[in-house]
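Peer 1: Those letters in the sequence shown? Residues 0 to 415, per numbering that gives the first Met the number 0, in order.
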Amino acid sequence: MTGANPATAPVRRWPPRPDSVPAARQFVRSSLAGTPPDVVDEAELLVSELVTNAVLHAHTEVEVRAWARAGRVHVRVRDQEPHLAPAPRERGLDACTGRGLQLVEDLAAGFGVECDKCGKTVWFELWPEAPETPPVADWGDARPPTGPTVPVLLADLPVVLYGAAQRHQEALLRECLLAGLAGQRPHLPPADVRAAQGAQQGLDAGVAAALGPEPEPVGTVRVALPREAGPAVPLLRRVLEQADAAAADGRLLTRPALPEIRRVSDWLLDEVAAQLDGASPTPWTEVAEETEADPAALAPWDATDLHAADVPCVAADDGNRILAVNRAAADLIGWDADALTGRRLTVLIPPEYRERHLAGFTSLLLTGESRILGRPVPVEALHHDGHRVPVRLLIRAQEARGGRTVFVAELTPAER
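#1: Ignoring anything shorter than 3 residues, give me the beta strand (DSSP E) runs that lie fully in the region 170-256, in order along the chain.
#2: By DSSP's criteria, residue 118 is part of a beta bridge. Which residues make up the other side?
#3: Closer than 6 Å by C-beta to residue 123: which residues in its own chain qualify, once you throw out the five before and the five after it? Chain order, please.
#4: Pair every Cβ in the region 312-327 with every Cβ in the region 343-354, then say whether three or more of these pairs are closer than 8 Å.
#5: For the alpha helix (DSSP H) holding residue 283, just list the boundary residues, first then last.
#6: Does the distance from the CB of residue 218 to the CB of residue 156 come in under 8 Å?
#7: Checking contacts by CB at 8 Å: is residue 160 closer than that to chain B?
#8: Report, in whole angstroms, the separation of the C-beta atoms of residue 119 and residue 78, which I expect to be a contact under 8 Å.
#9: Pull up the distance between the alpha-carbon of residue 169 and that of residue 414, whole angstroms please.
#10: Is DSSP giving residue 413 helix, strand or coil here?
#11: Just verifying my parser: in three-state terms, what is the DSSP assignment at residue 69?
#12: On the premise that residue 13 lies in contact with residue 61, defined as a C-beta separation below 8 Å, what is that separation, rounded to the nearest angstrom?
#13: Per DSSP, what kind of secondary structure is residue 79 in: helix, strand or coil?
#14: Closest by CA to residue 81, which one among 100, 256, 113?
#15: In chain order, what residues of the same chain have a beta carbon less than 7 Å from the beta carbon of residue 31, not counting five sequence neighbours either side?
#16: Determine which residues share a DSSP beta bridge with residue 397 and list them.
#17: Using C-beta distances below 8 Å, list every residue in its chain close to residue 390, excluding the 5 sequence neighbours before and after it, in chain order.
#18: Could you tell me if residue 193 is buried or exposed, where buried requires 16 or more neighbouring beta carbons within 10 angstroms of its beta carbon?
#19: From what residue to what residue does the beta strand (DSSP E) around residue 153 run?
#20: Would the region 357-374 count as touching the region 251-268 if we require 3 or more Cβ pairs under 8 Å?
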């Protein structure tokens, strides 16, 4: 890091609580008195992200130092968790977590991380002018697991579905953790949530490293995991199941996982636990199966207008299940309308597009954002006899009773 850390630099420490984040912002602002306001604003933003990361992931006391020298701002954020180094990843536009390190990369002139046996320090510098010789700007390589490891083979891993499952896991665990930190009645024991989050982060980092920057849609990856990680995996699965049940009951803001997302998550965790215990790999393609119907209650919704429409229309609920199909749509896709009610929406989507659909639908439920809602897009629907039907798809969201959401899709026939 450029610019020596002066012994007189202001320093403050806070417990791992949400109110430590605004306290750190105020500390940085006061420590940088006399610095240009726009630079102070950026420093506040970045320290907010780094202290939030420490509170949510390290779960230890957080120390912040901030000072300015020759117009350049220096900020250091330290926690007492040496094993969990920053692991920035590419995030899509619809991701709802994981943007803090990207902000540091975009705004800071220099940044990095220093790890020792007692903890780690994440630092950044803000320069008022573009440097002739840029300072260090690198998070470094991910630290490999220490101690004995066991190779876990994830055969035929569906990369797109896995990514959606990983984002949903993050959202569930983050909300459960925040509820406990905010003093609300926790849905799960906070210690279990913290342990599950640590296991999830370690597993995700291992899979991400094995996949590399440009993975194939389906691939077999070999992940090196610490042998002692075994007991944490069943705990992670149990916590995720309980959190998903809380989401299904409406006790969390995060929506419950789609069945397909839940299935790939269960398969991956079962594979890790079994192989750490000495079992042979079971490929995803041997256990994946299409879910034709879902016994859970469909969203309550009045389909009178849909059935009266001349345009082919299909309605689905926020569980990705078909609620209603009008006569025009049934004729277009060759199905009996009643036979489709309650089935998974994927039955109308060509197989090669289903994983992308499920990942996009999961992101919509997590973020409320979609790239196709309200926009006509050319797609292919799957006819009952297996041939493709070109249509222009226009999807609109409607509110149903009980806070549920219904998605109504118009399928206007398109010329080939």
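Cβ atoms here follow ideal geometry from the backbone N, Cα and C, with glycine treated the same way.
Peer 2: According to the structure data:
#1: 217-225
#2: Residue numbering aside, residue 118 sits at position 119 when the sequence shown is read from its first letter. Partner(s): 115.
#3: As a working note, residue 123 is residue 124 in the sequence shown. 45, 74, 103, 107, 110, listed in sequence order.
#4: yes
#5: Residue mapping note: residue 283 aligns to position 284 of the sequence shown, counting from 1. Counting along the chain, the alpha helix (DSSP H) containing residue 283 begins and ends at 283-286.
#6: What you label residue 218 is simply residue 219 of the sequence shown in a count that begins at 1. What you label residue 156 is simply residue 157 of the sequence shown in a count that begins at 1. Contact flag set, yes.
#7: The displayed structure is made up of one protein chain only, and chain B is not part of it.
#8: Here residue 119 is taken as the residue at index 120 of the sequence shown, counted from 1. Here residue 78 is taken as the residue at index 79 of the sequence shown, counted from 1. Yes, residue 119 and residue 78 are in contact; Cβ-Cβ is about 6 Å, under 8 Å.
#9: Walking along the sequence shown from the start, residue 169 turns up at place 170. Walking along the sequence shown from the start, residue 414 turns up at place 415. If you take the alpha carbons of residue 169 and residue 414, they lie about 42 Å apart.
#10: For the purposes of this step, residue 413 is taken as the residue at position 414 of the sequence shown. Looking at residue 413 - three-state DSSP - the assignment turns out to be coil, as it is neither helix nor strand.
#11: Indexing the sequence shown from 1 puts residue 69 at position 70. The answer is coil: DSSP assigns residue 69 none of H, G, I, E or B.
#12: In the sequence shown, counting from the first residue as 1, residue 61 sits at position 62. In the sequence shown, counting from the first residue as 1, residue 13 sits at position 14. Confirmed, about 5 Å.
#13: Start at 1 with the first residue of the sequence shown, and residue 79 comes out as number 80. Coil, per DSSP.
#14: Position 82 of the sequence shown, counted from the start, is the residue given in the question as residue 81. Nearest of 100, 256, 113 to residue 81, Cα basis: 113.
#15: Within the sequence shown, the letter at position 32 stands for residue 31. Answer for residue 31: 39, 42, 65, 67, 72, listed in chain order.
#16: One-based indexing of the sequence shown puts residue 397 at position 398. DSSP output for residue 397 lists 405 as bridge partner(s).
#17: Walking along the sequence shown from the start, residue 390 turns up at place 391. Answer for residue 390: 311, 331, 377, 378, 379, 380, 410, 411, 412, 413, listed in chain order.
#18: Working through the sequence shown from its first residue, we reach residue 193 at position 194. Under this definition residue 193 is a buried residue.
#19: As a working note, residue 153 is residue 154 in the sequence shown. Counting along the chain, the beta strand (DSSP E) containing residue 153 begins and ends at 148-157.
#20: yes
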